[in-house]
Amino acid sequence: MTVVKNPRPRSGDQSIGDALLRCRVLPALAFNKHQCSIVWKIDPQDAFIRRHFGWSNKSTCWASVPHVVKAIGYDADPRDRCRAGKSHGKDSPGCVNWYPLIEWEINREACSDIIAAAGLPVPPKSSCVFCPSMQKAEIDELARTEPDNFGLAIAVEDGAVERGLESVKGLGRGFSWRSYASESAPMDVRMVLAYHDHRVGLSPALQHVDDETLLRAIQQHPDLSFVDFLRQERRRRPSGRCGPCDGRIADPDRARPTVSI
Ligand code: SF4
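When you line the sequence shown up against this note's numbering, it's residues 2 to 262, in that order.
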């Protein structure tokens with residue numbers, strides 16, 4: 002398998018995440034546009050195809066070349082059928098799009114069954130970690146299973162808000178992920194946001210969290226590197242106080258007694 006990317010030599014952006022953080026904007030889908038998908042997914046594939054076949058950049062030269070078939074994994078559920086319908090006639094020059102799952106009437110549930118029957122782990126829905134199409138349950142899942150990536154999404158949203166975002170409230174379009182995760186999300190998700198804020202020195206959120214809740218959440222998310230952060234803070238501040246939380250959990254060994262570090 003060849004993975005293609007679209008690094009930007011001028012700006013230095015290696016990914017859509019880099020670009021969003023640097024420009025302090027949300028993905029285009031937050032405004033019902035699809036440029037992010039075009040620039041970071043379709044364009045790199047097309048550039049690879051051109052390079053691979055030695056095609057010129059002028060599409061008029063491609064009339065005589067054999068078509069490349071792009072197999073696209075839209076499934077047979079109505080939502081993906083609709084997306085495939087909207088893509089009709091928009092194939093990249095020199096390519097034809099093919100939707101095998103729709104052709105074979107395989108929906109998302111059937112895909113999961115086939116993968117599980119093969120003894121493989123069923124992967125989660127694939128998308129960027131800051132995709133505005135994510136539902137609240139998916140945001141919760143992201144925070145629980147990939148707290149660092151959840152923090153990246155929050156950083157993207159914060160950057161856009163600081164820059165003066167007006168037309169939408171945040172990554173959720175009608176709501177901001179930050180307000181959702183700090184106000185109405187389940188407690189463990191709120192904790193992950195508190196960790197993120199604490200790590201980047203954004204707010205004294207942890208002042209309001211009792212130690213028992215904190216310990217439980219730290220144990221549930223050992224990959225947060227939160228304890229390492231506290232260690233660094235303790236080294237940096239001889240008094241042992243860690244700033245945002247005012248020293249309440251400044252001792253990492255006390256904060257996470259059951260985990261060896
Ligand atoms: S997954 Fe979402 S954010 Fe990522 S490129 Fe696609 S539409 Fe844009």
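All C-beta atoms in this analysis are idealised placements derived from N, C-alpha and C, irrespective of residue type, glycine included.
Since the structure is predicted, the reported quantities are computational estimates derived from the model, not experimental observations.
Query	Result
Going by Cα to Cα distance, which pick from Val70, Leu21, Pro79 is closest to Gln36?	Leu21
Pick out whichever of Asp76, Thr3, Cys24 has its Cα sitting closest to the Cα of Ala111.	Asp76
Say yes only if the C-beta of Cys129 is nearer than 7 Å to one or more non-hydrogen atoms of the ligand SF4, and no if none qualify.	yes
Please determine if the stretch 142 to 157 and the stretch 184 to 199 are in contact, where contact requires at least 3 C-beta pairs separated by less than 8 Å.	yes
If the criterion is Cβ atoms closer than 8 Å, does the pair Ser177 and Glu163 meet it?	no
Between the C-alpha atoms of Ala138 and Glu167, what's the straight-line distance to the nearest angstrom?	25 Å
Does DSSP classify Asn98 as helix, strand or coil?	strand
Return helix, strand or coil for Val157, following the three-state DSSP convention.	helix
Using CA atoms only, rank isn't needed, just tell me which of Lys71, Ile73, Asn108, Ala48 is closest to Arg80.	Asn108
What number of angstroms, rounded off, separates the C-alpha of Ser134 from the C-alpha of His53?	33 Å
Just to confirm before moving on: does the CB-CB distance between Val4 and Gln46 stay below 8 Å?	no
Look up Val70 in the DSSP assignment and say whether it is helix, strand or coil.	strand
When you measure from the CB of Trp41 to every non-hydrogen atom of the ligand SF4, does any distance come out below 7 Å?	yes
With a threshold of 7 Å, establish whether the CB of Ser134 neighbours any heavy atom of the ligand SF4.	yes
Could you check whether the stretch 121 to 128 touches the stretch 82 to 101, counting it as contact only if at least three pairs of C-beta atoms, one from each stretch, sit closer than 8 Å?	no
Go through its chain and collect everything with a Cβ distance to Trp99's Cβ below 6 Å, but skip five positions before and after it.	Val70, Ala72
Going by DSSP, what residue range makes up the alpha helix (DSSP H) through Gln54?	According to the sequence shown, residue 54 is Phe rather than Gln. Note, Phe54: alpha helix (DSSP H), 44 to 54.
Asp254 by DSSP, collapsed to three states: which one?	Caution applies to Asp254, whose pLDDT of 37 falls short of 50 and renders its modelled position unreliable; the model cannot decide the point.
Should Asp141 be labelled buried (16 or more other beta-carbon atoms within 10 Å of its own) or exposed?	buried
Between which two residues does the alpha helix (DSSP H) holding Met192 run?	188 to 200
If you reduce the DSSP assignment to three classes, tell me which class Leu22 lands in.	helix
In three-state terms, what does DSSP make of Phe32?	helix
Regarding Ser38 and the ligand SF4, is the C-beta to nearest heavy atom distance less than 7 Å?	yes
Exposed or buried, which one is Gly55 when buried takes at least 16 other CB atoms within 10 Å?	exposed
Please report the straight-line C-alpha distance between Ser16 and Gly74, rounded to a whole angstrom.	22 Å
Cα separation between Pro28 and Asn7?	16 Å
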